[in-house]
Each structure stands twice: as structure tokens, then as C-alpha cells.
Amino acid sequence: MKLTQILLIGILLLASLLRFYKLDTIPHGLYIDEVSIGYNAYTILTKGADEYGVSYPLFFKAFGEYKMPVAVYLTSASMAVFGKSEFAVRFPSALLGTISVLLLYFLVRILFKDNRTAIVSAFLLAISPWHIQFSRGGFEANIALFFYLLGAVFFLQYRHRRQIMFLILSVFCFVTTIYTYNAYKVIAPLTIIFVILNSFQHLRRSRNKFGMTQLFVVCLSLLIVLLPVLLFSGGNNRFLEASAFSEYTRLPLVQKIMIYPMLYFKNYLSFFSLPFLFVTNDGFGRHTIEGMGPLFRWESPFLLFGFFALFKQRKEFFAKTIWFLLLVAPMAAALTLPSPHALRSLLLVVPLTILTAYGIVTLWMQKSRVIKIVVLGIALFAVYECSLYLHLYYVHYPSRTALDWGGEYKQVILEAQKQQKQYSHIVINSSIGMIPSYSNFYDPSLKYEFVGYNWQKPAAWKGEKVLYITPEDVTKDYNFAKTPHTHLKNIYFSNLNHDTFAVFWEL
Amino acid sequence: MKIKLLLFLIVCLELFAVFQWVNCRDFVGEFHYSQINLDLQLTGAIHNDREIPIWLVRVFHNKVVGAFFAVFDSYSKFWGALFLTSFLSFAGIVGLGAQFYSFFTNKKRFAVWIAFLALLVSPLVEIFLFNYLPFAVRLTLIAFPFVAWSMLGFKFLLEKKKVNSKIVDLLIVVSLWYLLAFHPLATFCVLK
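These protein sequence lines are chains A and B, in that order. Just so we're aligned, residue 1 is where the first sequence starts under my numbering, counting upward by one. Just so we're aligned, residue 1001 is where the second sequence starts under my numbering, counting upward by one.
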């Protein structure tokens, strides 16, 4: 076995370890989108319909928006194997995240025609906090990234071998990204235009009429495959909610013309800020390890050097491709707020990882011993920072971001389920939040009433035992003034203060 | 002649951007190194490490690494794209990049080395000496190397005919447009 193969297997093992170890418990509980995807996947698997009873839909209605289908159907397949569990919901993302590392290796090897840069790129993606973070949750963006990388590899194969099958597969993968995550409605068409223009140029140069016809067929079939998503407008609600321009819609046209382009430009630039990339991330608990950016600090000198080294080679095809990826990756995310947003711009991890790898390899190839010593020094620091990241992820992260994930909702549902038989009614105060979605996932048979903040026990229930679940701040004197009540137990957040998430009362 | 005129316009543009900062009293706290903040961060981090061997806690949460990270974090704020568009204008960033490219690819003169060192060191003045020097002095000490470096970059671009002067015209328009439409000073400084 060659050294490259051994290294690649090692990198893949490392990638899978970092993505699968304690996958069901860290992050702490499923968040609301994972629960929604999980429940729809379960109903598809068991009833062949989504939670609203629509048979094998192409778009899944959820929280006033529509979810793309790929993640749901993949999770369905995962549930068929692992059952309805947290692990099953996260498995597709973790698995495809691991395979993405392999795809990046192939992508860089074909693109740069250099094995070293490919191996280093794969290694960097395997340990990338940005990629690990989104591979360990049921994030559609990470699944879309896998299909995007697969599409890119097929496209490069097409350039290399000139077999139309690869072009068709490539375009098919890019279209699949559109059916996976909304941001790719912007990114994928631009990529497909890049791919088709590039292929067209080559065919024109070689005067290949048969190839031209094939390309025309690809374009036509592409249009057919894209028709459903082009005609479907239900998914736009979420975009309008998150749009960066929504607060300026009432401005006069002249002001809009003045402000909109610069607002977009400002958002776009925010993705290339060193503080975002290396220090603060976007600040969302679900995306951010406190005290770390999406990239390691030690990568910064290599990234900058890689950037300049690639700029020197700017006329080469590989450089153009990386520039294209850098340019296009935050385009959709910059249309929305908040900006920067690590999830919506996840594709950015690919060009930045490749640039860093290119920087490392180019620096290492310099003849200067001093540079080699500096690189080794940074490598030592890299080992330290990677260990620190793992410490922060496995020890600090679960407790610091308990509020951002939904572990406590599961506890509430399971505890209510346990006590169900002892009570005539279970009542849950709506201030607790997204209980219905979680009960759908964890126990659809749980019977309860979801009531407003100021709910009082109705007179008709006199003499009946009621289990009432409230948030901590329900004022006993007001809510229970006329009702005899007994405190049963609390569900606590797993944070350091052990804040109370929910209180169980017997009325 | 046209090159000189363009360089003059770009200097004016960058000084216009810097001049907006007279509305500020100071940079926001993120730009400064604070021992108290570091102590608080470390205390918070250590409290999280229950049932972890003490040596491991010391390895991951200690003042040496904490201070290095804190300085790195503050230093990186000076290289944020949004900060630089606000501080120097968008054209200024292009100039900075061009000069870095020129610096790493061409023969270096002694004066350029000095400018490079001044550029790298000037944020440290703000990070460490914010309590000791007046804001106006610190602002000048940072602005001067940044503007100078950016001008060197434009000189490189225009003299070597690497870039069509029409692109520079467009850059000036976009930068001015950006500064007039958005100048998020309050994100980076404490307003007067």
C-alpha cells in the first residue's frame, strides 16, 4: 500500500472519529430543525406521508416555511436502519461530512495535479471546526456541501476525460444541492453557468458538434429538473423573513438604489473578516465554540500566504476555480441577516481550506531552513490549538450552549410520558416554547393541552388530577392563587448555573 | 499626470474615511487588551472544568495562552474587512492588498521594510497603550502607516500598469458610495 493511501485512510478514520464520537449526546439534544426533519422522515418511513399527511412531498411544510426534501428522505433511510433516534437524525450529515473529506482530496488532486496539497487539504477539512460543527448536527447545509463537492469532482472528471456522462452527473449533483438547502438556489445556478460555459468553450475550440448537441441536451434536461423549484414559491417566506433588505422596503426608490448595493456589499465583505474567521465566528450557539472562530488561529498565516501564492498563479485553471468558489460561496448568505452567518456560508470552508493547504505546501517547499523551522513551530501550536478545540467542544460546549439545543425538551416529554397514567390531564404552558414539535418526535402518543401563560384550572376539572408543566417564572401567587398545587420536580438546563427549564406541578 | 491625480484622489478618499473618526472618543473595548477581562475569562473557563485533572485545566486555561489569544483577537480586529472599509475605505483595502503582493513578490527597499514594520506594529499601540496616549495620537499612529501602505500599493498598481486606471476610478466611486451609504462607526468606536 502506498504512503498516500495509508495517509488517506488515516485521515478518513480521524474524520469519522471527530464526526461520530458521542454524536447522539453532543451537541446537547436535537434543535428544532433537526426535530422537524426527524419527525417528517419518520412519518415518510412509516406512513409514506409528511406530518400533514401529504404523500411523498417534494417540499416539506414546517414552521411557516418549506423545507427542501433531500435531508428528510436521507434521514428516512437512516431511520430505517437505526430507528427513531438522535443518532439517526444526525447520521446522514455526519456520514456525508466524512465522505466530503475524501471528495475534497479528489477535487484538489485533480485540480492542482498535486498529491501533497490534496492530502493536506483533506486533513485540514477533517479537523476543521467549521466542518465538524455542521457535520455533527442534522444541518441541510452540510449535506448540500457534500453534493456540491461531488458535482465539482464530476465536473473535473469531465474536463479530464471528456465523457458526457460526467457532465450530466455533475449538473445533477449541483441541482441536488438546490433541493437540499436554500442558499444553493443562488450558488448552484452560478456554478452550473460556470460549468456549462467552461464546457462550451472547450467544445467550440475542438469543433465537436456531437459534444455541442450533448451539451444542449444537458441544458434542456437541467431546465426540466429545475422546473419544480423554479415554479414553487412557498419557500420564499423564510427568505423574506431573513432578508437583509426587509427593514428598508419602505424607503423611496432612489434611496433603495443608493443603499441596497452597498448593504449587500457590506454583508458580503463581512464574510472575509479575520475576526469572523479566526476569533468570534457568527456568535450563534449552534454554530460557535466560544472563544474560537470557524478556522483555527494557527491557520491564519498559511491562509494569507496561500492567498498570495494563488494570486501569483491567477491565470491557471485551478486558481480561477478557487477564486470562483471564494466569490460565490457567500453570495446567498450576504442577501440575508445576520451577516456573517457560518451556516449559510458553509461552502466557504472549501476554498479557505484549499488556500490554507496550498499555503502550507508552498511554504514547506521553500528552500529556506528558517521558514521550515517557523512552519514546524506553528505545527506545534496547531497540535495545542486542536487539543484545546476538542476540550472546548466536549467539555465546555454542551453546558455553554444548552439553551441553543433542545436536550431539555426531550426530558420534559419523557418525564410527562412517564407520569401520564397518574393524571387525567396533562397541561403544558406555551411559554416553554416548541413542545409540540418535540412531542411529535419523541412521543406522538402523548396527550396534552397546550395553554397560554395565564391559564387557570377550569372549574369543570374539579377533583381531577392535572399535571401542569410551566416555565420557572410562572408566578405562583397569580397562576395558582385559587388552585391547590404541589411542586413535583424541576427539569434543569445542563449549564453551570443549573437554571430551571421547566417545573412540574400537580393541580 | 493622471496617475498623480488618481493617487491624490485616493489619499483624499482615505483621509476622508479616517477623518470621520473625529466623531469618536475611543476604539471599542474589543480592540484593547484587558488583564481584567482575561482574568474573568479564565475564571469562567476554569469553573466549567469539573472532574477534569487539574494539570489539564492548567494546560488549556492559563494566562500565557490566554494573553496570546487575547492579543491575537484584538490584533485581528484591525484586519477585519468591515473595519478597514470604515477606517480606510474599500479602495484603501485594495491598496493594502496590492502593496502586500508587491512586498512579497518584489525586491524590498529599506524604506518599505520600515513601512511594513510600522504597519504591523501600529495596532499594538492601540492594543496596549490605550490608557496612556490620547485618542487623537493613537488614531494618527495607526492611520499613518495604513494610509501610507495603501498608497504604496496604488503606486505599484498604477505605475506598473497592472490595473487599468478606469478600474481605479470605479473603485473610488464605489468607496465613496459605501462611505456615504454606510459608515458603521458605532460598531468600532465609542461615539462622542
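Think of the CB as a built atom: it goes at the ideal place given N, C-alpha and C, for glycine as much as any other residue.
Taking DSSP's pairing of strands, which residues face residue i in a bridge?
i, result
"residue 427 (chain A)", "A:449 and A:468"
"residue 1195 (chain B)", "Missing from the structure shown is residue 1195 (chain B); chain B here goes from 1001 to 1192 and no further."
"residue 61 (chain A)", "A:66"
"residue 504 (chain A)", "A:469 and A:489"
"residue 243 (chain A)", "A:336"
"residue 439 (chain A)", "Looking at the DSSP assignment, residue 439 (chain A) forms no beta bridge with any residue, so it has no partner."
"residue 49 (chain A)", "A:55"
Answer with buried or exposed for residue i, where buried requires no fewer than 16 other C-beta atoms within 10 angstroms of its C-beta.
i, result
"residue 1058 (chain B)", "exposed"
"residue 457 (chain A)", "buried"
"residue 179 (chain A)", "buried"
"residue 182 (chain A)", "buried"
"residue 252 (chain A)", "exposed"
"residue 503 (chain A)", "buried"
"residue 1120 (chain B)", "exposed"
"residue 127 (chain A)", "buried"
"residue 165 (chain A)", "exposed"
"residue 1151 (chain B)", "buried"
"residue 52 (chain A)", "exposed"
"residue 21 (chain A)", "exposed"
"residue 1048 (chain B)", "buried"
"residue 1128 (chain B)", "exposed"
"residue 274 (chain A)", "buried"
"residue 325 (chain A)", "buried"
"residue 1180 (chain B)", "exposed"
"residue 454 (chain A)", "exposed"
"residue 50 (chain A)", "buried"
"residue 68 (chain A)", "buried"
"residue 314 (chain A)", "exposed"
"residue 1053 (chain B)", "exposed"
To the nearest angstrom, how far is it from the Cα of residue i to the Cα of residue j?
i, j, result
"residue 1033 (chain B)", "residue 1187 (chain B)", "18 Å"
"residue 1160 (chain B)", "residue 1146 (chain B)", "21 Å"
"residue 192 (chain A)", "residue 100 (chain A)", "20 Å"
"residue 346 (chain A)", "residue 8 (chain A)", "23 Å"
"residue 506 (chain A)", "residue 423 (chain A)", "9 Å"
"residue 1062 (chain B)", "residue 1176 (chain B)", "45 Å"
"residue 492 (chain A)", "residue 1091 (chain B)", "52 Å"
"residue 115 (chain A)", "residue 355 (chain A)", "15 Å"
"residue 28 (chain A)", "residue 86 (chain A)", "10 Å"
"residue 125 (chain A)", "residue 118 (chain A)", "11 Å"
"residue 1074 (chain B)", "residue 291 (chain A)", "13 Å"
"residue 277 (chain A)", "residue 338 (chain A)", "15 Å"
"residue 1111 (chain B)", "residue 1126 (chain B)", "23 Å"
"residue 510 (chain A)", "residue 121 (chain A)", "Any property of residue 510 (chain A) remains undetermined from this structure, which presents chain A solely from 1 to 507."
"residue 30 (chain A)", "residue 407 (chain A)", "6 Å"
"residue 1021 (chain B)", "residue 1185 (chain B)", "7 Å"
"residue 1143 (chain B)", "residue 1079 (chain B)", "13 Å"
"residue 44 (chain A)", "residue 460 (chain A)", "39 Å"
"residue 307 (chain A)", "residue 1007 (chain B)", "26 Å"
"residue 149 (chain A)", "residue 321 (chain A)", "13 Å"
"residue 230 (chain A)", "residue 175 (chain A)", "12 Å"
"residue 473 (chain A)", "residue 412 (chain A)", "16 Å"
"residue 446 (chain A)", "residue 59 (chain A)", "27 Å"
"residue 245 (chain A)", "residue 257 (chain A)", "12 Å"
"residue 1192 (chain B)", "residue 1018 (chain B)", "15 Å"
"residue 372 (chain A)", "residue 206 (chain A)", "45 Å"
How many whole angstroms separate the CB atoms of residue i and residue j, which I take to be in contact at a CB cut-off of 8 Å?
i, j, result
"residue 494 (chain A)", "residue 340 (chain A)", "Not confirmed; about 28 Å, so no contact."
"residue 137 (chain A)", "residue 93 (chain A)", "7 Å"
"residue 328 (chain A)", "residue 187 (chain A)", "6 Å"
"residue 167 (chain A)", "residue 107 (chain A)", "So it is not a contact: roughly 16 Å between Cβ atoms."
"residue 415 (chain A)", "residue 296 (chain A)", "So it is not a contact: roughly 40 Å between Cβ atoms."
"residue 353 (chain A)", "residue 344 (chain A)", "The Cβ separation is near 18 Å, so there is no contact."
"residue 430 (chain A)", "residue 452 (chain A)", "6 Å"
"residue 169 (chain A)", "residue 154 (chain A)", "4 Å"
Could you tell me whether the Cβ of residue i comes closer than 8 Å to any Cβ of chain E?
i, result
"residue 1101 (chain B)", "Among the protein chains in the structure shown, which are A and B, there is no chain E."
- prompt: For the stretch 465 to 472 of chain A against the stretch 424 to 435 of chain A, are there 3 or more C-beta pairs whose distance is under 8 Å?
  reply: Output reads yes: the stretch 424 to 435 of chain A touches the stretch 465 to 472 of chain A.
At least 3 beta-carbon pairs within less than 8 Å: the stretch 34 to 47 of chain A vs the stretch 440 to 458 of chain A: Yes, the stretch 34 to 47 of chain A is in contact with the stretch 440 to 458 of chain A.
- prompt: Does the stretch 278 to 290 of chain A come close enough to the stretch 385 to 398 of chain A that 3 or more CB-CB pairs lie under 8 Å?
  reply: With the cut-off at 8 Å, the stretch 385 to 398 of chain A and the stretch 278 to 290 of chain A touch.
field: Touch test, the stretch 103 to 123 of chain A against the stretch 137 to 144 of chain A, Cβ-Cβ under 8 Å, three pairs minimum
entry: The stretch 103 to 123 of chain A vs the stretch 137 to 144 of chain A: no contact.
- prompt: So does the stretch 1 to 20 of chain A actually touch the stretch 78 to 85 of chain A, counting three or more Cβ pairs closer than 8 Å?
  reply: Result no; under three Cβ-Cβ pairs closer than 8 Å.
task: Could you tell me whether the stretch 1011 to 1021 of chain B touches the stretch 1078 to 1089 of chain B, where touching means 3 or more Cβ pairs closer than 8 Å?
output: Between the stretch 1011 to 1021 of chain B and the stretch 1078 to 1089 of chain B, the count of C-beta pairs closer than 8 Å reaches three or more; the two stretches touch.
Contact between the stretch 1024 to 1033 of chain B and the stretch 1128 to 1142 of chain B (3+ Cβ pairs under 8 Å): Yes, the stretch 1024 to 1033 of chain B touches the stretch 1128 to 1142 of chain B.
query: So does the stretch 260 to 271 of chain A actually touch the stretch 373 to 387 of chain A, counting three or more Cβ pairs closer than 8 Å?
result: The stretch 260 to 271 of chain A makes no contact with the stretch 373 to 387 of chain A: fewer than 3 CB pairs, one atom from each, lie closer than 8 Å.
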